[in-house]
Amino acid sequence: MWMILLWALVLATDAHRTPAQKTRDHHLNEEILVKAERGGSVRLPCDIESYLDDEPIKIQWFKDNTSSPFYILEDTRRRGIWNANHDISVEWAGRAFFSALSSPSSLEVSKVQTADAGKYACRVLFHGGELRTQNITLIVGVSPSKPQITDGDGTLLRGTVGPFYVGHSLRLNCIVERGDPMPTVVWRRNGIEVKHGGRYTLYAKKRLEGVHLVLDIGRLVRDELKASFTCEATNRIVEKSLSTTVTVDLILPPLSVEIEQGGSRYDAGTSAEFRCRVSGSRPFPVVTWILATRKIESFFNDISNEDDGNTTVSTLLLTMSPQENGQKLICRVSNHQLPGSTWDDSVVLNVLHRPIVHLQLGEGLQLQRLQEGSDVYFECSVAANPPLSQIQWTLDDRELPHDKDIIVQGTYLALRNVSAAKLNGRLNCDVTNPVGSVRSNDVELRIHYPPRCRPEVERFHRFASIKSPVVIRCQMDADPRDKLTFVWLLKNSTSGGRRYLKDHKLMNDSTSVLFYTPSSMSEVASIECSGNNSLNKTNRAQPCVFHVEPYGAPPVLGDCQVVNQAQSWFFLECDTSSREHLSESYQLEVRHADTNVLLANLTSQNDAVFQVRGIPDSTECIALVFAFNEKGRSEPTRVMIQAISPPSKLLTNSVVETSVTAGGIVIIALIVLISAAAS
């Protein structure tokens, strides 16, 4: 009955409220949603402040639209609501307490149970008659547990995971162990929800409790570097979702390797800077500089990583030398996480330098075996940048002449029929290009030759007595002349035949002395001295020939005869082969056989060969042949010249032809030469 009266009072009071009060009541009637964790505690707010400077007299709490309050707070003695009596139903006793002093005032409930969920109403009656109701909905449940992320093997992942290879797959498991109502779980990549499809596969695995959501990344790409993958779990109990994030680390090969250089060509002796820029490698690459086939370790090599974290720059300071021209400079990049793989960039160096010259004997030839009369060639090996513009060959600093035996073809020199007299010396090639001129190394040209007689050797020796030997000095030039041996041979003599002579002595490596004793005061001898070295077997030696004769006039000539004759002329010749060593000349006197009148007087310096012209027809003559020197004239050798009658005219041609033919071809040639000289 008292409740009916109370509602009547409320309605009556409401009829007398101001518009402002009605608005305020309307606001209080809006429902407040409160979430509570099962087993925890919760505060259900209730506004008990009056806008009319009034005090509450009674506060009642209702649940689920029941008519009976389960908690009543009443200030019957007007001592303040905070000193009011608390009337609590049995099921709430010990778990619920209204705190009027908290801000806002609220019903504090502990040990929240699932059954506590529902709709609550807080009704406040003020002393002045104002009645205020606050509607509250309480949701009771279990917040999701913090998600755990594991890999395909079940290993718990935190922070940064990996590194992984590009192209490989990755499985991420998100496990939320509890939540009531059942949590909603999503995967996000860099804050954006991951949808099923493409490289991403999403599916849930059954669990007795909680949620297990699998994200399979079929193929990792470069864009996944440092990408964050977040697993979020939420339900209506929590205001903010719970999440766990992992960041993916990748092993990345370089995207690019590039050598940067300051120019396209360099001068020898200067320094040049090269930079190798490597982009996209993770972890930071190892940069190695290689010149041709060797690593460069002793030069300045600085590696810096630029601010973008994705670029590595290696700087190389290289001092250029001619040897670097045309060589390949390589920047080689490796990643220790990618064994067996390298990435290169290279440049070919263009180094300007003076010629580098090396002079060498032709292939297959040896300097110590160069022999006189052989052919030899040389190569002037040139490395020049820019190419050579001129090459000059010199021997002892004098330019070699061009002739039929000295042939220059580019950087090659050919020498034909070499002789020690002309080509012994220091050989060089001088090479010029736009940068400068360079002389090659020296090649000592040493032509080997067999022993040969020195020109200054005294060849004629005379003796005045046979009691002391004639001393004959034989001097030889030879190369090589070490272990030079001498052989003395008596070629011919008026006292005997050929024989080897042993009474000689070696004075030095090029001189031998013979002690020769003539057998008689009239002996005339020809003696040959020969030298032997290692070349005698392949090259002909040139011996020294000595002539020994007594002091005085030469001996009588022997074996003189007419070799050809006509009506008014004749040829006379004496054999002087055994007299080659004698220093003598020859004289011919032609006298009339009957009157002894001198018809001709001729002299020959070298050979005892005479042509006599102008003999009167049908004249018989006597030819007297003498040998003479500064000591006198020998006894004459007499030759009778028979007269030849004039031929008949009919036989003239045939007789002349027969005469000429009888003399042989050599005599014909000699006649032609002499006739030509006479005319």
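Quick note, the sequence shown lines up with residues -15 to -1, 1 to 664 if you use mature numbering (1 follows the signal peptide of the UniProt record, and there is no 0).
Cβ coordinates follow ideal geometry from the N, Cα and C atoms, glycine included.
Buried versus exposed call for residue i [16 or more other C-beta atoms within 10 Å across all chains shown]
| i | result |
| --- | --- |
| aspartate 39 | exposed |
| serine 590 | Looking at the sequence itself, residue 590 is glutamine, so the reference to serine does not match. By the neighbour-count rule (16 or more Cβ atoms within 10 Å), glutamine 590 is not buried but exposed. |
| phenylalanine 445 | exposed |
| glycine 126 | buried |
| histidine 532 | buried |
| tryptophan 378 | buried |
| serine 630 | exposed |
| leucine 373 | buried |
| threonine 297 | buried |
| alanine 69 | buried |
| methionine -13 | For methionine -13, the predicted structure reports a pLDDT of 35, less than 50, and the residue's modelled location is therefore unreliable. A value from the coordinates is still provided. When all chains shown are included, methionine -13 counts as exposed. |
| asparagine 638 | A caution first: asparagine 638 carries a pLDDT of 40, below 50, which makes its placement in the model unreliable, though a value can still be read off. The residue is exposed, with fewer than 16 neighbouring Cβ atoms inside 10 Å. |
| alanine 406 | exposed |
| alanine 612 | buried |
| glutamine 546 | exposed |
| glutamate 76 | exposed |
| methionine 625 | exposed |
| aspartate 101 | buried |
| threonine 8 | Unreliable positioning characterises threonine 8 in this predicted model, as indicated by a pLDDT of 36, which lies under 50. The coordinate reading is nonetheless provided below. It counts as exposed. |
For residue i: DSSP bridge partner residues
| i | result |
| --- | --- |
| histidine 197 | Ile160 and Lys190 |
| lysine 43 | Glu59 and Leu110 |
| serine 84 | Ser91 |
| glutamine 119 | Cys107 |
| alanine 257 | Leu303 |
| isoleucine 124 | Lys20 |
| arginine 623 | Leu609 |
| histidine 153 | DSSP lists no partner for histidine 153. |
| lysine 407 | Answer is none; lysine 407 lacks a bridge partner. |
| asparagine 418 | Gly421 |
| glutamine 246 | Phe259 |
Alpha-carbon to alpha-carbon, residue j and residue i
| i | j | result |
| --- | --- | --- |
| valine 657 | glutamine 596 | Caution is warranted here: a pLDDT of 32 is assigned to valine 657, below 50, making its placement in the model unreliable, and the coordinate value is therefore given only provisionally. Their Cα atoms are separated by approximately 13 Å. |
| alanine 399 | glutamine 353 | 17 Å |
| proline 436 | alanine 463 | 4 Å |
| lysine 104 | glutamate 16 | 9 Å |
| aspartate 72 | leucine 58 | 6 Å |
| residue 723 | leucine 110 | Any question about residue 723 goes unanswered here, given that the chain covers just -15 to 664. |
| residue 678 | cysteine 559 | Residue 678 cannot be examined here, being either before or after the span of the chain that is shown, -15 to 664. |
| cysteine 159 | alanine 85 | 45 Å |
| glycine 421 | isoleucine 376 | 12 Å |
| glutamate 569 | arginine 618 | 9 Å |
| aspartate 234 | glutamine 322 | 13 Å |
| valine 456 | valine 361 | 42 Å |
| glycine 139 | valine 332 | 50 Å |
| aspartate 544 | lysine 452 | 32 Å |
| cysteine 216 | proline 132 | 7 Å |
| arginine 63 | valine 27 | 29 Å |
| tyrosine 397 | leucine 346 | 10 Å |
| glycine 410 | leucine 385 | 12 Å |
| aspartate 390 | serine 404 | 11 Å |
Beta-carbon proximity check, residue i vs residue j, cutoff 7 Å
| i | j | result |
| --- | --- | --- |
| tyrosine 485 | leucine 474 | yes |
| valine 416 | proline 340 | yes |
| valine 509 | threonine 470 | no |
| leucine 91 | leucine 29 | Rather than leucine, the amino acid found at residue 91 in this sequence is serine. In contact: serine 91 and leucine 29 (Cβ atoms closer than 7 Å). |
| serine 497 | cysteine 459 | yes |
| glycine 358 | asparagine 402 | yes |
| isoleucine 315 | isoleucine 275 | yes |
| serine 264 | serine 241 | yes |
| aspartate 213 | threonine 229 | Looking at the sequence provided, one finds serine at residue 213 rather than aspartate. Contact: no. |
| asparagine 571 | alanine 593 | The question names asparagine, but residue 571 is tyrosine in the sequence shown. The answer is yes: Cβ separation under 7 Å. |
| alanine 526 | serine 515 | yes |
| serine 130 | valine 170 | no |
| residue 700 | valine 179 | Here the chain covers residues -15 to 664 and nothing more, so residue 700 does not appear. |
| threonine 622 | valine 541 | yes |
Presumed contact (8 Å Cβ cut-off) between residue i and residue j, rounded CB distance
| i | j | result |
| --- | --- | --- |
| leucine 155 | isoleucine 202 | 4 Å |
| asparagine 120 | methionine 167 | Rounded, the Cβ-Cβ distance is 28 Å, inconsistent with contact. |
| isoleucine 42 | aspartate 60 | 5 Å |
| valine 318 | proline 268 | That pair is no contact at about 12 Å. |
| alanine 218 | valine 97 | With a Cβ gap of about 21 Å, alanine 218 and valine 97 do not count as contacting. |
| serine 553 | isoleucine 512 | At roughly 44 Å, the Cβ-Cβ gap does not stay under 8 Å, so serine 553 and isoleucine 512 are not in contact. |
| alanine 78 | valine 94 | About 12 Å; that fails the 8 Å criterion. |
| leucine 334 | asparagine 310 | 6 Å |
| arginine 23 | threonine 99 | 6 Å |
| phenylalanine 259 | leucine 200 | No, phenylalanine 259 and leucine 200 are not in contact; Cβ-Cβ is about 46 Å, not under 8 Å. |
Chain B within 7 Å of residue i, Cβ atoms only
| i | result |
| --- | --- |
| proline 166 | Going by chain labels, chain B is absent from the structure shown, which holds only one protein chain. |
Residue i CB to nearest heavy atom of the ligand ATP below 6 Å
| i | result |
| --- | --- |
| valine 342 | Judged by which ligands are present, the structure shown has none, so any question about the ligand ATP falls away. |
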